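Trainee:
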Amino acid sequence: MYLALDAMGIMAFLAIGLVFSHGRKKIDWKSVGILTVLNLALAWVLTSFPWGRAAVQGAAAAFNELVDVAWTGINFALANWVGADGLNPQPVNFVVSALLPILLILPIFDILTYIGFLPWVIKWIGRGLSIITRRPKFETFYSIEMMFLGNTEAPVVSKLQLQKMSPARNVVIAMMTMSCVTASILAAYIQMMPAEYTLTAVPLNCLNALIVTSMLYPVDVTREEDVIYTYEDGLTVDAGERPVPAAVASEQGPAPPARRVPA
10 MYLALDAMGI
20 MAFLAIGLVF
30 SHGRKKIDWK
40 SVGILTVLNL
50 ALAWVLTSFP
60 WGRAAVQGAA
70 AAFNELVDVA
80 WTGINFALAN
90 WVGADGLNPQ
100 PVNFVVSALL
110 PILLILPIFD
120 ILTYIGFLPW
130 VIKWIGRGLS
140 IITRRPKFET
150 FYSIEMMFLG
160 NTEAPVVSKL
170 QLQKMSPARN
180 VVIAMMTMSC
190 VTASILAAYI
200 QMMPAEYTLT
210 AVPLNCLNAL
220 IVTSMLYPVD
230 VTREEDVIYT
240 YEDGLTVDAG
250 ERPVPAAVAS
260 EQGPAPPARR
270 VPA
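Residue numbers 10 to 272, in our numbering, belong to the letters of the sequence shown in order.
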């Protein structure tokens, strides 16, 4: 019974994407099928296999530990608002119970970004996902980036890329941003529901963002356009072209055809 309801829900989800599509004839159904199967496989692995559940529970325990540490910091500054563990006395309101832990957890991700670890993880997961799903490199890269950095930090980190891309691809990125759930704000969610369910939904949400945008606003991306631009030593490197000052590059229009970054 539940399996039938799940199947009907998936079909309804895809049907809505088809009905409201901006260009039905441009939809890459093979890519949509791959993303849907990957989504189902990932959900099955994370919920049905002991090692999958153990991985999610381990991640949940790590986030719970971060929250406990955050409460220790909050207690240091506002001891009369909450206890050492945030439970005794009870948090006075939503601002204290949900938003204050985020303020102490977010710098951890900023540090991981600053030392280069988080961008490295995002880059290689995004490229691997691009190969599997047949989606453009940056779109898959951005779906992973949103999961860690959020819809405020991710566009700033990818400012150069957004300036170089076509308006149609920027529309796709804007649509993907609407599905964003950041790792830092999970501190609030895991206090409202079991952490293992929340963390299982995060990677599925990234794949769903790719499915929705590939159906609602399909965009043809040529091999020449499927490029990732980078900053290096204060210069902008246009994927194989001569480096130019970043201040100048930010004012330039779309870059000429450039060498693709190897997947």
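Even for Gly, the Cβ is constructed at its ideal location relative to N, Cα and C. Owing to the predicted nature of the structure, the values given are computational and were not obtained by experimental measurement.
#1: When the Cα of Met185 is compared with those of Ser57, Pro176, Thr222 and Ala204, which residue comes out closest?
#2: If we ignore side chains and look at the alpha-carbon of each, how far apart do Asn73 and Glu205 end up?
#3: Check whether the segment 199 to 216 and the segment 64 to 78 are in contact - that is, three or more C-beta pairs closer than 8 Å.
#4: Considering Cα atoms alone, identify which of Ser175, Leu49, Leu87 and Leu216 is closest to Thr231.
#5: Rounded to whole angstroms, what is the Cα-Cα separation between Leu44 and Gly18?
#6: Cβ atoms of Ile199 and Val76: under 8 Å apart, would you say?
#7: Would you identify the three-state DSSP class for Asn89, choosing helix, strand or coil?
#8: Could you spell out where the alpha helix (DSSP H) holding Arg33 opens and where it closes?
#9: Using C-beta distances below 7 Å, list every residue in its chain close to Ile131, excluding the 5 sequence neighbours before and after it, in chain order.
#10: Taking the alpha helix (DSSP H) that Met202 belongs to, which residues open and close that run?
#11: When you compare the CB positions of Arg178 and Asp37, do they come within less than 8 Å of one another, or not?
#12: Measuring only the C-alpha atoms, how far is Lys168 from Leu49?
#13: So what does DSSP say about Cys215, is it helix, strand or coil?
#14: Give me the Cα-Cα distance between Leu213 and Leu51, rounded to the nearest whole angstrom.
#15: What would DSSP say about Tyr123, mapped onto helix, strand or coil?
#16: So, are the CB atoms of Lys173 and Tyr238 less than 8 Å apart?
#17: So, using beta-carbon positions, are Trp80 and Pro110 closer together than 8 Å?
#18: With DSSP collapsed to three states, give me the class of Met187.
#19: Nearest to Ser188 by alpha carbon, out of Leu27, Thr56 and Ala163?
#20: Following the continuous alpha helix (DSSP H) through Leu171, name the residue where it begins and the one where it ends.
Mentor: In this structure, then:
#1: On the sequence shown, residue 185 is found 176 positions in, with the first residue counted as 1. For Met185, the nearest C-alpha among the options comes from Thr222.
#2: Residue numbering aside, residue 73 sits at position 64 when the sequence shown is read from its first letter. Residue numbering aside, residue 205 sits at position 196 when the sequence shown is read from its first letter. Taking the straight line from one Cα to the other gives about 11 Å.
#3: Yes, since at least three Cβ pairs between the segment 199 to 216 and the segment 64 to 78 fall closer than 8 Å, the two stretches touch.
#4: Residue numbering aside, residue 231 sits at position 222 when the sequence shown is read from its first letter. Check the Cα spacing between Thr231 and each of Ser175, Leu49, Leu87 and Leu216: the tightest is with Ser175.
#5: Reading the sequence shown from its first residue, position 35 is the one you call residue 44. Reading the sequence shown from its first residue, position 9 is the one you call residue 18. Cα-Cα distance, rounded: 16 Å.
#6: Taking the sequence shown and counting its residues from 1, the one referred to as residue 76 is at position 67. Taking the sequence shown and counting its residues from 1, the one referred to as residue 199 is at position 190. At the C-beta level, Val76 and Ile199 come within 8 Å of one another.
#7: For the purposes of this step, residue 89 is taken as the residue at position 80 of the sequence shown. Coil, per DSSP.
#8: As a first step, residue 33 must be located in the sequence shown, where it is residue number 24. For Arg33, no alpha helix (DSSP H) segment is defined, and its DSSP state is neither H nor E.
#9: Numbered from its first residue, the sequence shown carries residue 131 at position 122. Within the same chain, Cβ atoms closer than 7 Å to the Cβ of Ile131 are found at Phe150, Ile153, Glu154 and Phe157, the five residues on either side in sequence being excluded.
#10: For the purposes of this step, residue 202 is taken as the residue at position 193 of the sequence shown. Taken as a continuous stretch (DSSP letters only), Met202 belongs to no alpha helix (DSSP H), as it is neither H nor E.
#11: For this step, residue 178 is matched to residue 169 along the sequence shown. For this step, residue 37 is matched to residue 28 along the sequence shown. The answer is no: Cβ separation not under 8 Å.
#12: Residue numbering aside, residue 168 sits at position 159 when the sequence shown is read from its first letter. Residue numbering aside, residue 49 sits at position 40 when the sequence shown is read from its first letter. Taking C-alpha positions only, Lys168 is separated from Leu49 by approximately 33 Å.
#13: One-based indexing of the sequence shown puts residue 215 at position 206. Residue state, collapsed to three classes: helix.
#14: Position 204 of the sequence shown holds residue 213. Position 42 of the sequence shown holds residue 51. Near 7 Å, if we compare the C-alpha coordinates of Leu51 and Leu213.
#15: The residue labelled residue 123 in the question sits at position 114 within the sequence shown. In the three-state reduction of the DSSP assignment, Tyr123 falls in the helix class, which pools H, G and I.
#16: Taking the sequence shown and counting its residues from 1, one reaches residue 173 at position 164. Taking the sequence shown and counting its residues from 1, one reaches residue 238 at position 229. For Lys173 and Tyr238, yes; Cβs fall inside 8 Å.
#17: Residue 80 sits at position 71 when you count from the first residue of the sequence shown. Residue 110 sits at position 101 when you count from the first residue of the sequence shown. Cβ atoms of Trp80 and Pro110: closer than 8 Å.
#18: For this step, residue 187 is matched to residue 178 along the sequence shown. In the displayed model, Met187 falls within coil according to three-state DSSP, outside both helix and strand.
#19: Counting from 1 along the sequence shown, the entry for residue 188 is found at position 179. Nearest option by C-alpha distance: Ala163.
#20: For the purposes of this step, residue 171 is taken as the residue at position 162 of the sequence shown. Counting along the chain, the unbroken alpha helix (DSSP H) around Leu171 starts and ends at Lys168 to Lys173.
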